[in-house]
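A.B. asks:
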Amino acid sequence: MNVSLILAHPNQGSFNHAIAIAAINALDGNGHSVRFHDLYRERFDPVLPYGEIPKGADIDSNLMKHCGEIVSADGIIIVHPNWWGMPPAILKGWVDRVIRPGVAYEFLEGDSGEGVPRGLLKARKALVFNTSNTFPDREREAFGDPLQRLWKDCIFGLCGVEEFYRKTYCVIATSTPVKRTAWLEDAEDTVAEIFPKDRNR
């Protein structure tokens, strides 16, 4: 399988980076091809220009590469921290620019944008890893777990991805090295389970 892995955290030594490495190790171990993007390190431009909005608009070669990879991906993994119940702005900009009409979704003929889009993504599995400093119960009860709704229903669900998985590791700020080691083992096991070895290879 071709798996796209998108990481969004500004600190190169972050636990998010460690999760991404664990995910890559699991994918490599199961024989999958990984297309990895560290958005901050690559200085991905998150600003969506007006002229880039329409389907079929001219886009630059770097963005075209991202779009081509997401179109051909069999699976998608996203790694990011929970900031104010949202992804970092650079990742939101990646969604704005890459998960675009004609690439990830389309409106049916006669629909000028008011209806429900039809998903175009080939990927059938998406996995999101989050880190947080909010306990899960409070995240659900006080805030309604906005990241779950965002990724599952507002993005992947509308783009044709049938299987959605999400894991959150918290509380990061008070976690011990022992706890973080256990979380990384869990992350690697989770990736290996969701993206098992291809028996046909």
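With our numbering, the residue at position 65 of the sequence shown is 66, and numbering never jumps. Built from N, CA and C at the ideal position, the CB exists for glycine as well. These figures come from a predicted structure and were not determined experimentally.
1) Output needed for residue 1: all residues of its chain with C-beta closer than 8 Å, excluding positions within five of it in sequence on either side, in chain order.
2) Return the first residue and the last residue of the alpha helix (DSSP H) that residue 179 is part of.
3) Below 8 Å, can you find three or more Cβ-Cβ pairs linking the segment 151 to 166 to the segment 124 to 133?
4) So the alpha helix (DSSP H) residue 93 belongs to, where does it begin and stop?
5) Go ahead and pull the three-state DSSP assignment for residue 165.
6) Following the continuous beta strand (DSSP E) through residue 16, name the residue where it begins and the one where it ends.
7) Can you tell me whether residue 90 is buried or exposed? The criterion is at least 16 other CB atoms within 10 Å of its CB, across all chains shown.
8) With a cut-off of 8 Å, do at least 3 Cβ pairs link the segment 6 to 25 to the segment 51 to 59?
9) Who are the near neighbours of residue 171 in its chain, counting only those whose CB is closer than 6 Å to its CB and skipping five residues on each side?
C.D. replies: Well, looking at it:
1) This structure gives no information on residue 1, because the portion of the chain shown stretches from 2 to 202.
2) Here the alpha helix (DSSP H) through residue 179 covers 178 to 195.
3) Result yes; three or more Cβ-Cβ pairs closer than 8 Å.
4) For residue 93, the enclosing alpha helix (DSSP H) begins and ends at 90 to 99.
5) Residue 165 falls in the strand class under three-state DSSP.
6) From DSSP, residue 16 is part of no beta strand (DSSP E) but of the alpha helix (DSSP H) over 16 to 30.
7) When all chains shown are included, residue 90 counts as exposed.
8) No, the segment 6 to 25 does not touch the segment 51 to 59.
9) Taken in chain order, the residues that qualify are 133.
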